[in-house]
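Novice:
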Amino acid sequence: MLVLARRLNESIIIGDDIEVVVIDIKGDQVKLGIRAPKRITVHRKEIYEEIQQENIAAMKSEFKPETLRNLSDFFSREKKPGDAGPPGDKSGPDVPPRKKDK
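The numbering used here numbers the first residue of the sequence shown as 26 and each following residue consecutively.
#1: Would a C-beta distance cut-off of 7 Å place V47 and L29 closer than the cut-off?
#2: Which residues mark the beginning and the end of the alpha helix (DSSP H) in which I76 is found?
#3: L57 lies in the beta strand (DSSP E); which residues open and close that run?
#4: Taking Cβ to Cβ, would you say E44 is nearer than 7 Å to I50?
#5: Determine the direct distance from the alpha carbon of D42 to that of A61, and round the result to whole angstroms.
#6: Which class does E44 belong to by DSSP, given the choice of helix, strand or coil?
#7: Given Q78, which residues of its chain have a CB within under 8 Å of its CB, disregarding the five upstream and five downstream residues?
#8: Do the CB positions of V67 and I59 come within less than 7 Å of each other?
#9: Go to R94, then tell me how far its alpha helix (DSSP H) extends in each direction, as first and last residue.
#10: Can you grab the Cα-Cα spacing for the pair L27 / V55, in whole Å?
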């Protein structure tokens, strides 16, 4: 493990595009600012471990083919004129397509 000492407002660079800056120091707590590309996820370790556990649990859960069938049926059913969209949809009923000019 590389160990570095940094003071307030000093930073370290990881690779070409990640910067970690010491933002604040109060007692035994240090605030860090992290600049990284959006493609890089940044989590506190305890949150990262929770995500990993949830992913493992999801992989171990039983897959039920009828669930996929139900979803497929739901999303492939033909929408009738006047049907409301999904909850929160503000678009209102379907509007018939505009007739093309001749």
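Note that the Cβ used here is the ideal one computed from N, Cα and C, for glycine as well. Source: prediction; values computed, not measured.
Specialist: Checking against the coordinates, here is how it stands:
#1: Reading the sequence shown from its first residue, position 22 is the one you call residue 47. Reading the sequence shown from its first residue, position 4 is the one you call residue 29. Contact flag unset, no.
#2: Here residue 76 refers to the residue found at position 51 of the sequence shown. K70 to K85 is the extent of the alpha helix (DSSP H) around I76.
#3: For the purposes of this step, residue 57 is taken as the residue at position 32 of the sequence shown. First-last of the beta strand (DSSP E) with L57: Q54 to R60.
#4: Start at 1 with the first residue of the sequence shown, and residue 44 comes out as number 19. Start at 1 with the first residue of the sequence shown, and residue 50 comes out as number 25. Against a cut-off of 7 Å, the Cβ pair of I50 and E44 comes out as no contact.
#5: By 1-based counting over the sequence shown, the position of residue 61 is 36. By 1-based counting over the sequence shown, the position of residue 42 is 17. Distance between the alpha carbons of A61 and D42: 6 Å.
#6: By 1-based counting over the sequence shown, the position of residue 44 is 19. It is a strand residue.
#7: Counted from its first residue, the sequence shown places residue 78 at position 53. Correct list: empty, nothing qualifies.
#8: Translated into the one-based positions of the sequence shown, residue 67 becomes position 42. Translated into the one-based positions of the sequence shown, residue 59 becomes position 34. For V67 and I59, yes; Cβs fall inside 7 Å.
#9: On the sequence shown, residue 94 is found 69 positions in, with the first residue counted as 1. Note, R94: alpha helix (DSSP H), P90 to S101.
#10: To locate residue 27, count along the sequence shown from 1; it is residue 2. To locate residue 55, count along the sequence shown from 1; it is residue 30. Spanning the two alpha carbons is a distance of roughly 18 Å.
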